[in-house]
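Be aware that the sequence shown starts at 575, since it is given in our numbering, and climbs by one per residue. Idealized CB from N, CA, C, for every residue including glycine. Please read these numbers as outputs of a predicted model, since none were measured by experiment. In what follows, a single structure is set out as structure tokens and then discussed.
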Amino acid sequence: MNSYQIKSNRALVTLRDGSPNYLHTFGAIVAGANEYVLIENTFPAARKYLPLMSIVITNNSGENLDLQINGVAAAPLPAGVIWSQSDSPVWSFRITNNDATNVASGEVAANIQTPPMSQSQYTRLRELYGD
């Protein structure tokens, strides 16, 4: 195998297997403040899987929050809601507390990952680009 084939095979294995699940639990966010997460800095091990393609935000607080993904407003997060997005790259995200009260530490969490491919997707890619 030459170096190009090795790189292409590694990329195919990464697509096939997906990435580990990266959990970020937010600290306390005071009223009007925000917390920004840049995935490559917060999870250095995730660099080889970037961009991660799925995010799930759990808002267990009693406050209404706003979510930005990659610098673009994505969704309001009402109190007590679970919000998800898949098949769209996530490089960074920001949670902003727009409520009059503070969010306690640990009440908001984010799970970020790239899910594994289905067997049919993998077979199709292997036929097109595999060895």
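For the beta strand (DSSP E) containing residue 619, list its first residue and its last residue.
-> Numbered from 1 along the sequence shown, position 45 holds the residue referred to as residue 619. First-last for residue 619: undefined, no H or E at that position.
Counting only the same chain and skipping the five closest in sequence on each side, list residues whose C-beta sits under 8 Å from that of residue 633.
-> Indexing the sequence shown from 1 puts residue 633 at position 59. 639, 651, 652, 653, 654, 655, 656, 657, 681 and 682.
Residues bridged to residue 685 by DSSP?
-> If you number the sequence shown from 1, residue 685 lands on position 111. DSSP lists 597 and 630 as partners of residue 685.
Residue 631 classed as buried or exposed, judged by whether at least 16 other C-beta atoms fall within 10 angstroms | As a first step, residue 631 is located in the sequence shown; it is residue number 57 there, counting from the start. The residue is buried, with at least 16 neighbouring Cβ atoms inside 10 Å.
Between residue 601 and residue 678, what straight-line distance do the alpha-carbon atoms span, to the nearest angstrom?
-> Taking the sequence shown and counting its residues from 1, the one referred to as residue 601 is at position 27. Taking the sequence shown and counting its residues from 1, the one referred to as residue 678 is at position 104. Their backbone Cα atoms lie some 7 Å apart in a straight line.
Can you round the beta-carbon distance between residue 665 and residue 644 to whole angstroms, since I take them to be within the 8 Å contact cut?
-> Your numbering for residue 665 matches position 91 in the sequence shown. Your numbering for residue 644 matches position 70 in the sequence shown. So it is a contact: roughly 5 Å between Cβ atoms.
Simplified DSSP assignment, three categories, for residue 648 = For the purposes of this step, residue 648 is taken as residue 74 along the sequence shown, with counting starting at 1. Here residue 648 sits in strand by DSSP.
Is the beta carbon of residue 663 sitting closer than 9 Å to the one on residue 627?
-> Sequence index remark: in the sequence shown, residue 663 carries index 89 (1-based). Sequence index remark: in the sequence shown, residue 627 carries index 53 (1-based). Cβ distance < 9 Å, so residue 663 and residue 627 count as in contact.
Pull up the CB-CB distance for residue 592 and residue 675, whole angstroms please, since I reckon it's below 8 Å.
-> For the purposes of this step, residue 592 is taken as the residue at position 18 of the sequence shown. For the purposes of this step, residue 675 is taken as the residue at position 101 of the sequence shown. Wrong, their Cβ atoms sit about 37 Å apart, outside the cutoff.
Work out the CA separation of residue 673 and residue 620 for me, nearest whole Å.
-> Position 46 of the sequence shown holds residue 620. Position 99 of the sequence shown holds residue 673. Cα to Cα, residue 620 sits roughly 32 Å from residue 673.
Environment of residue 613 [buried if 16+ CB atoms lie within 10 Å] | Residue numbering aside, residue 613 sits at position 39 when the sequence shown is read from its first letter. It is buried - the Cβ of residue 613 has at least 16 other Cβ atoms within 10 Å.
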